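Below: one structure, written as structure tokens.
There are 2 protein chains.
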Amino acid sequence: MLERELKKGSAELLILSLVEPRARHGYEISKLIEQRSGGRLRFKVASLYPLLYRLEERGWIVGRWIEKPGERRRRFYRLTPGGRRMLAAQRTHWREFVDAVAQITGPEHA
Amino acid sequence: MLERELKKGSAELLILSLVEPRARHGYEISKLIEQRSGGRLRFKVASLYPLLYRLEERGWIVGRWIEKPGERRRRFYRLTPGGRRMLAAQRTHWREFVDAVAQITGPEHA
DNA sequence: TGCAATATGTCGCTATGAAACATATTCATC
DNA sequence: GATGAATATGTTTCATAGCGACATATTGCA
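This is the structure in structure tokens:
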């Protein structure tokens, strides 16, 4: 149960958060995660793309190919209404999880 | 990299934190996690015991059978010096990870 | 021409969480 | 004295998923 909670509460939360304000493509998402975490967090392509497909399968995001002359083709993902609800739930979930870990590992029991 | 960070920073961190102040046995650890998290976090036996063996293999904890008359046999685990160093590293690691997630998912980029 | 950055994708390995199953003891209740 | 809940530890098997390595293609700069 523990790791399941974590997975639902972290990797997916990151993606959903990033596509919330605007549609983004995979490479952009991976760069954003790296930049905003100061290089501490990094998504490998073999993790990121399959995760995007899973999120799309579940109906939380939808991808759309954008092809412009003079640009490589990119697949932009945007949040669906269902994805928005999921994001809200996962934010709460993540907060609770972090609090729980703090309760268990905290110095108040030393 | 992301999930690896999580694993190092959560399940193992919980166990190491709990055996820090005193030696504890598996069942006690599982109950403590459940109690202190208000039932939100729960370790199944099929996760907990193999994890304890792994931590012992790596030399971070050592188990010792305690048998007293009128009591079931229980295996108490205590933190080793190496485990103590690992715990300190993982605490820092976890803090950094949580901060990084906050940076990425936070409202400051909306 | 060559190389870095951009952009997307797959294959195979490995780690691990968890359901289901298994065993045994202590203690309170009926 | 029987029944069952709580205590206590363990294994087998399965599903999930991250990641290293590999593959492909374009843009733009030196």
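Order-wise, the sequence lines are chains A and B.
So in this note's numbering the end of the first sequence lands on 144, straight run, no missing numbers.
So in this note's numbering the end of the second sequence lands on 144, straight run, no missing numbers.
Using N, Cα and C, we set each Cβ at its ideal position, and we do this for glycine too.
All values derive from a computational prediction rather than experimental measurement.
DSSP places V53 (chain B) outside both helix and strand once states are collapsed to three, so it counts as coil. Taking the CA atoms as reference points, Q137 (chain B) sits about 9 Å from G72 (chain A). Rounded to whole angstroms, K78 (chain B) and S64 (chain B) show a C-alpha spacing of 8 Å.
When DSSP states are grouped into helix, strand and coil, W128 (chain B) belongs to the helix group. Look at R74 (chain A): its C-beta is under 8 Å from a C-beta on chain B. For chain A, the residues of the segment 42-60 of chain B that bring a beta carbon within less than 8 Å of one of its beta carbons are S44, A45, L47, L48, S51, L52, E54 and P55, in chain order. L113 (chain A) is bridged by DSSP to A:I95. Taking 8 Å as the upper bound on Cβ-Cβ separation, chain A lies near residues R76, F77, K78 and S81 of the segment 76-110 of chain B.
In this structure the segment 102-109 of chain B does not touch the segment 46-61 of chain A; the number of beta carbon pairs closer than 8 Å is below three. The secondary-structure analysis by DSSP pairs I100 (chain B) across a beta bridge with B:R108. With a threshold of 16 other beta carbon atoms within 10 Å, R70 (chain B) meets it and is buried.
In this structure E62 (chain A) is not in contact with L113 (chain A), their Cβ atoms being roughly 15 Å apart against a cut-off of 8 Å.
Burial state of W94 (chain A) is buried, judged by a 10 Å Cβ sphere holding 16 or more other Cβ atoms. The beta-carbon of T139 (chain A) is placed less than 8 Å from the nearest beta-carbon of chain B. DSSP places R88 (chain B) in the helix class (H, G or I) of the three-state scheme.
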